[in-house]
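Okay, structure first, notes after.
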Amino acid sequence: MSVLHTDELKRDEQIPRHVHDADRKGRVYVDRYNTTQRINHWITAALFTLLTLSGLSLFHPSLFFLSNLFGGGQDTRAYHPWFGVFLIVSFAMLFVRFVKLNVPNRDDVRWMRKLGNIVQNKHAGLPELGKYNAGQKMVFWGQSALISVMFVSGIVIWDQYFGKYTSIDIKRYALAAHSMAALIAILIIIVHIYAGIWIKGTTRAMIRGSVTGGWAYRHHRKWLRKVALGREEARAGEPGANDPHSPMPGPVSHGPAE
Ligand code: HEM
Numbered sequence: 031m032s033v034l035h036t037d038e039l040k041r042d043e044q045i046p047r048h049v050h051d052a053d054r055k056g057r058v059y060v061d062r063y064n065t066t067q068r069i070n071h072w073i074t075a076a077l078f079t080l081l082t083l084s085g086l087s088l089f090h091p092s093l094f095f096l097s098n099l100f101g102g103g104q105d106t107r108a109y110h111p112w113f114g115v116f117l118i119v120s121f122a123m124l125f126v127r128f129v130k131l132n133v134p135n136r137d138d139v140r141w142m143r144k145l146g147n148i149v150q151n152k153h154a155g156l157p158e159l160g161k162y163n164a165g166q167k168m169v170f171w172g173q174s175a176l177i178s179v180m181f182v183s184g185i186v187i188w189d190q191y192f193g194k195y196t197s198i199d200i201k202r203y204a205l206a207a208h209s210m211a212a213l214i215a216i217l218i219i220i221v222h223i224y225a226g227i228w229i230k231g232t233t234r235a236m237i238r239g240s241v242t243g244g245w246a247y248r249h250h251r252k253w254l255r256k257v258a259l260g261r262e263e264a265r266a267g268e269p270g271a272n273d274p275h276s277p278m279p280g281p282v283s284h285g286p287a288e
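Quick note, this note's numbering runs 30 ahead of the 1-based positions in the sequence shown.
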């Protein structure tokens with residue numbers, strides 16, 4: 031694997047705007063998220079955390095102590111649905127930003143077939159990928175579905191405003207759906223956080239907005255090609271991500287990854 035050097039790129043006058051030096055070692059960094067996207071992501075994460083803590087405190091008596099974080103049981107009950115309203119707005123904004131990049135394609139099927147190798151950290155023979163792999167796409171679509179279920183079922187059981195519009199039976203079903211969806215969503219987020227930490231260099235993407243050229247080359251080479259070509263779509267969406275004739279820019283092919 032190789033590291034991309036900006037001097038090389040600059041010499042060839044091929045350096046695109048989203049590939050740049052971020053340190054003095056000549057290491058290349060590639061922009062992955064802009065500030066707005068990162069703020070949107072971390073607000074969503076903070077709201078999800080608040081919902082998890084307040085929701086768990088209402089879920090089982092053994093977890094009721096968590097309601098102290100929100101000023102007691104009554105306050106927790108009042109705040110929890112509002113956290114949910116803010117989450118749906120924040121997540122909807124994330125959804126709109128990332129939906130195009132999460133559309134499944136044939137590379138995802140090929141990648142999934144090699145899941146055994148991936149878990150063992152063997153990267154040889156894996157298909158080149160666009161901005162996201164099949165696992166990330168599953169997290170994206172899983173959370174989209176579960177947050178929608180939680181929101182709709184949450185409205186049904188929000189007695190203070192909507193109690194009179196539904197029957198007790200419907201509320202029982204809604205409550206079951208709400209709790210099940212929340213448990214699965216929490217499990218998915220644990221996987222999401224674990225994957226971000228397990229794959230070295232990934233958290234940097236959401237904290238600082240960029241990744242090393244080596245990371246991009248190793249995990250999302252098709253995306254890197256697009257960024258290196260200076261195509262704006264590399265960030266906003268990826269039409270033609272499956273284009274087999276997409277040219278490989280010279281500097282990327284001979285840059286060793288770290
Ligand atoms: C609280 C802990 C969280 C951490 C540490 C975390 C970390 C990360 C990291 C490192 C990435 C960048 C991955 C990459 O570019 O390859 C990412 C992307 C993303 N995260 Fe999180 N995240 C957290 C919570 C959440 C929550 C609660 C949600 C939504 C409910 C969420 C939704 C997303 C989405 C939609 C993306 C873009 C990837 C895609 O569209 O598939 N994250 N996260």
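For each residue, glycine too, the CB sits at the ideal point set by N, CA and C.
Same chain, Cβ closer than 7 Å to residue i, five either side skipped, listed in chain order
i	result
residue 108	none
residue 93	86 and 87
residue 170	128 and 132
residue 201	186 and 187
residue 204	183, 186 and 187
residue 116	77
residue 82	216
residue 80	113
Cβ neighbour criterion (16 or more within 10 Å) applied to residue i
i	result
residue 91	exposed
residue 118	buried
residue 56	exposed
residue 103	exposed
residue 244	buried
residue 248	buried
residue 277	For residue 277, the predicted structure reports a pLDDT of 40, less than 50, and the residue's modelled location is therefore unreliable. A value from the coordinates is still provided. When all chains shown are included, residue 277 counts as exposed.
residue 265	Residue placement at residue 265 cannot be trusted, given a pLDDT of 48 that sits under 50; the coordinates are not used to answer.
residue 141	buried
residue 262	The predicted position of residue 262 is uncertain, since its pLDDT is 45 and thus under 50; no value can be drawn from it.
Test item: CB-CB of residue i and residue j under 8 Å
i	j	result
residue 215	residue 166	no
residue 161	residue 253	yes
residue 145	residue 71	no
residue 138	residue 154	no
residue 63	residue 236	yes
residue 239	residue 65	yes
residue 196	residue 121	no
residue 209	residue 78	no
residue 241	residue 251	no
residue 159	residue 147	no
Residues near residue i by beta carbon distance below 6 Å, same chain, minus five either side
i	result
residue 48	61 and 257
residue 211	176, 179 and 180
residue 294	As displayed, the chain neither begins before 31 nor continues past 288, which places residue 294 out of reach and without an answer.
residue 226	232 and 233
residue 230	none
residue 222	169
residue 152	none
residue 198	none
Own chain, CB closer than 8 Å to residue i, minus 5 neighbours either side, in chain order
i	result
residue 84	96, 97, 99, 100, 106, 109, 110 and 113
residue 218	169, 172, 173 and 176
residue 207	179 and 183
residue 194	none
residue 192	185 and 186
CB contact below 8 Å: residue i versus chain C
i	result
residue 157	Note that chain C does not occur in the displayed structure, where there is just one protein chain.
Cβ-heavy atom distance, residue i to ligand 2, below 7 Å
i	result
residue 75	Of the ligands one can find in the structure shown, namely ligand 1, none is ligand 2.
Please give me, in chain order, every unbroken run of the alpha helix (DSSP H) with length at least 4 that falls completely inside the region 162-239.
Taking only runs of at least 4 residues, the alpha helix (DSSP H) segments lying wholly in the region 162-239 are 164-186, 189-192, 198-228 and 233-237.
In chain order, what are the residue ranges of uninterrupted alpha helix (DSSP H) at least 4 long that sit wholly in the region 42-113?
Taking only runs of at least 4 residues, the alpha helix (DSSP H) segments lying wholly in the region 42-113 are 65-89.
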